[in-house]
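*Asks:* In the numbering used here, the protein residues as written are 69 to 170.
Quick reminder that beta carbons are idealized off the backbone N, C-alpha and C, glycines included.
One structure coming up, written as structure tokens, with questions to follow.
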């Protein structure tokens, strides 16, 4: 019985690790797209979905007020559910508000 419990726990942990890894890839893709946007485009919320590793992933970007006109910050959240419950991966990306893509 103990062997079955250990095996079950290992499979569960493997699934969680896989979800976090793929969600991280989705977040990285959205971060790359944010770098290609203008300052004005990054300043509004975006939401969408991506198919990766056999699953549909939902992502959204949330611009943040940094209190500094020279910096922009955007949170990227990724979930397997369109209501973002739960968020599997959350990242914050920082951008210069001067130079590069404006």
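Just verifying my parser: in three-state terms, what is the DSSP assignment at residue 134?
*Replies:* Correct three-state label for residue 134: coil.
*Asks:* Just to confirm the assignment: which complete alpha helix (DSSP H) runs, minimum length 4, are found wholly within the stretch 105 to 158?
*Replies:* 107 to 110
*Asks:* Within a Cβ cutoff of 7 Å, which residues of the same chain sit near residue 170, ignoring the five residues on either side of it in sequence?
*Replies:* Its pLDDT being 47, under 50, residue 170 is placed unreliably by the model, and the measurement read from it follows with that caveat. In its chain, beyond the 5 residues on either side, 106 and 107 have a beta carbon closer than 7 Å to the beta carbon of residue 170.
*Asks:* DSSP puts residue 209 in a beta bridge; with which residues?
*Replies:* No information on residue 209 is available, as it lies outside the stretch 69 to 170 that the chain covers here.
*Asks:* Run the CB neighbour count on residue 82, radius 10 Å, all protein chains shown included, and call it buried at 16 or more, exposed below.
*Replies:* exposed
*Asks:* From residue 145 to residue 101, what does the alpha carbon distance come to, in whole angstroms?
*Replies:* In a straight line, the C-alpha of residue 145 is about 14 Å away from that of residue 101.
*Asks:* Taking the alpha carbon of residue 87 as the reference point, which residue from 159, 155, 151 and 98 has its own alpha carbon closest?
*Replies:* For the set 159, 155, 151 and 98, the Cα lying nearest the Cα of residue 87 is the one of 155.
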